[in-house]
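Q: Pasting in a structure now, in structure tokens, and then I'll have a few things to ask.
In the numbering used here, the protein residues as written are 339 to 424.
Shown next, in the form of structure tokens:
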């Protein structure tokens, strides 16, 4: 008979439920999608990443990466909030 996993407490269940809900609203964007969404070139994206000014990707496999859509959206929102009005 397999071992039973403990039933989470209400606090743990609520935290886990909130984290799951947040994760379900996320999408992963491939590089081409990030380029389109940000209007940046591939080289500019990687340059900004090296400088710590752009979200880092998530490794999907040995030769593929993607970016969390919420991090890209937050990066875009920050640019919009900090733009100069002339």
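Heads up, the beta-carbon is just placed ideally off N, CA and C, and yes, glycines get one too.
1. Counting along the chain, where does the alpha helix (DSSP H) carrying residue 407 start and finish?
2. Since residue 378 and residue 387 are thought to touch, with beta carbons under 8 Å apart, how far apart are those beta carbons, to the nearest angstrom?
3. Once DSSP output is grouped into helix, strand and coil, what is the label at residue 400?
4. Alpha carbon to alpha carbon, how far is residue 363 from residue 376? Give it in angstroms, no decimals.
5. Work out the CA separation of residue 419 and residue 401 for me, nearest whole Å.
A: Quick answer:
1. 407–419
2. Contact flag wrong, Cβ pair sits at about 11 Å.
3. Three-state result, residue 400: coil.
4. 20 Å
5. 34 Å
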